[in-house]
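In UniProt numbering, the protein residues as written are 1 to 469. First the structure, in the form of structure tokens, and then the observations on it.
Spelled out as structure tokens, the structure:
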């Protein structure tokens with residue numbers, strides 16, 4: 001029997017509850033991100049990461065080891081914000097803005113060629129604007145543009161910013177200088193007559209919540225949705241109808257007959273099935289999969305894809321900023337490889353991955369817990385800024401224009417390879433075990449898998465018994 005159209009008055013209690021669990025799941029990821037930051041730094045205050053990620057840092061899974069981050073939890077409920085950026089011309093950088101549901105609705109950075117200066121950040125629907133960024137230009141007739149390079153209109157009064165700047169040749173001090181000149185502060189709202197929402201507090205993020213995850217999702221949804229509309233405001237009526245039917249009104253009261261545990265399992269299965277539809281996933285060949293550009297970063301009405309990325313890639317950038325190919329074992333269908341204590345994998349590139357100006361690429365290996373692998377070299381990724389060599393010992397990224405095949409060796413950290421492999425060795429967990437591999441490309445705009453972005457997608461050999469590496 002076909003399901004009722006989701007979001008109509010004909011939806012059943014179970015359908016409305018399943019929808020609500022999918023719709024509200026990103027609020028769990030938001031609270032996990034926001035709670036430690038708000039507890040220590042409050043809202044609207046930048047916290048700069050001064051060192052690259054290492055195995056001892058467990059605050060985030062599958063961390064990026066290419067950039068330094070500057071985080072803030074944003075609250076525009078009572079005041080507007082000003083984000084001030086310095087002039088960064090020699091490297092990739094991006095300052096992504098996210099709403100409370102994880103939509104990457106605006107980006108400042110090298111790809112968007114954002115001019116340095118001040119940007120006013122405000123709640124879009126409070127000022128009658130569409131979400132996104134409007135550049136003011138040299139002489140704007142809009143009074144609100146006076147003194148600003150642009151206006152950033154947020155879909156929700158709560159959100160986050162997660163700025164990142166590429167580290168080149170370990171030049172941390174230079175990146176620290178850029179961070180020190182990146183500023184965030186509040187200013188009085190323009191025409192704001194009353195607050196759009198309560199101030200965001202730690203109590204809102206974690207007080208009086210159930211330990212049971214499905215119940216907690218519904219409670220968080222009831223707590224945040226009254227003041228934080230959908231990314232596409234045209235969907236407010238449909239979303240409100242579904243939430244109301246599921247028991248969300250002035251809090252959450254579980255309707256008689258609602259089996260949250262079962263419906264949460266149904267919701268998770270529906271999200272996973274949706275994520276693997278051909279329209280959302282790209283087969284990049286050789287076991288690598290990537291998200292379709294339309295399924296990454298800014299999700300509009302696609303709440304299932306939004307929920308999927310909240311689970312497996314929270315705060316993903318829009319595809320114009322980054323691509324995230326991930327290796328998928330063809331035989332087991334798992335995003336993981338199993339490495340024996342005396343085994344190795346070989347990652348072969350047919351040539352150097354093509355990059356736009358200031359772009360970069362890297363391959364990172366993670367252990368079974370999705371954290372970086374401790375090793376004597378303190379090496380957690382290899383890429384275009386590494387000392388990779390060809391088989392003849394010549395540097396892959398040398399002064400000449402040579403572009404040929406090269407390889408990266410994945411081998412346990414407690415088995416050191418011969419010296420001619422050291423530069424291309426990416427250590428895996430000592431003794432082997434389950435690992436996963438992520439490849440990052442920043443930036444390559446919005447190209448499709450058939451373009452030259454994927455012409456050098458690496459392939460991974462079946463693992464070998466250790467004998468010769």
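Every residue gets a Cβ at the ideal spot worked out from N, C-alpha and C, and that includes glycine.
Span separating the alpha-carbon of residue i from that of residue j
i	j	result
residue 217	residue 231	19 Å
residue 274	residue 395	43 Å
residue 181	residue 46	11 Å
residue 378	residue 90	26 Å
residue 153	residue 125	8 Å
residue 424	residue 408	5 Å
residue 345	residue 329	12 Å
residue 226	residue 156	11 Å
residue 359	residue 441	7 Å
residue 96	residue 18	30 Å
residue 14	residue 238	16 Å
residue 206	residue 350	49 Å
residue 254	residue 374	46 Å
residue 327	residue 58	22 Å
residue 445	residue 144	Residue placement at residue 445 is flagged as unreliable, the pLDDT there being 40, under the threshold of 50; a coordinate-derived value is accordingly withheld.
residue 347	residue 410	8 Å
residue 141	residue 204	40 Å
residue 356	residue 267	39 Å
residue 65	residue 387	16 Å
residue 401	residue 352	11 Å
residue 419	residue 406	16 Å
residue 35	residue 116	30 Å
residue 421	residue 412	13 Å
residue 202	residue 107	27 Å
residue 170	residue 385	10 Å
residue 458	residue 32	34 Å
residue 172	residue 257	57 Å
residue 194	residue 334	50 Å
residue 415	residue 259	51 Å
residue 187	residue 44	11 Å
residue 71	residue 183	11 Å
residue 417	residue 399	27 Å
Contacts around residue i, its chain only, beta-carbon distance under 7 Å, and the 5 residues preceding and following it disregarded
i	result
residue 20	218, 221, 242, 243, 246, 248
residue 148	118, 119, 120, 136
residue 435	336, 337, 339, 365, 366, 367, 428, 429
residue 175	68, 165, 167
residue 199	75, 77, 78
residue 251	222
residue 150	119, 133, 134, 135, 136
residue 129	153
residue 261	214
residue 310	25, 26, 29, 102
Under 7 Å between C-beta atoms of residue i and residue j
i	j	result
residue 105	residue 235	no
residue 109	residue 26	no
residue 73	residue 127	no
residue 340	residue 362	no
residue 94	residue 185	no
residue 314	residue 29	yes
residue 390	residue 381	no
residue 133	residue 321	no
residue 319	residue 293	yes
residue 325	residue 439	yes
residue 224	residue 271	no
residue 100	residue 300	no
residue 98	residue 159	yes
Rounded distance between the beta-carbons of residue j and residue i, thought under 8 Å
i	j	result
residue 162	residue 69	6 Å
residue 265	residue 61	Residue 265 to residue 61, Cβ: 22 Å. No contact.
residue 287	residue 460	6 Å
residue 23	residue 303	5 Å
residue 316	residue 305	Their Cβ separation, rounded to whole angstroms, is 10 Å, which puts residue 316 and residue 305 out of contact at 8 Å.
Cut-off 6 Å between Cβ atoms - residues of its own chain near residue i, not counting five sequence neighbours on either side
i	result
residue 131	105, 124, 153, 155
residue 437	327, 365
residue 189	79, 80
residue 372	55, 380
residue 114	108
residue 426	365, 382, 408, 410
residue 49	68, 69
Residues near residue i by beta carbon distance below 8 Å, same chain, minus five either side
i	result
residue 263	14, 17, 18, 21, 214
residue 210	216, 219
residue 178	86, 88, 93, 165
residue 393	420
residue 40	47
(request) Report yes or no: do the stretch 50-61 and the stretch 82-92 share at least 3 C-beta pairs separated by less than 8 Å? (result) Touching, no.
(message) Within 8 Å, do at least three Cβ pairs link the stretch 63-79 to the stretch 268-282?
(response) No, the stretch 268-282 is not in contact with the stretch 63-79.
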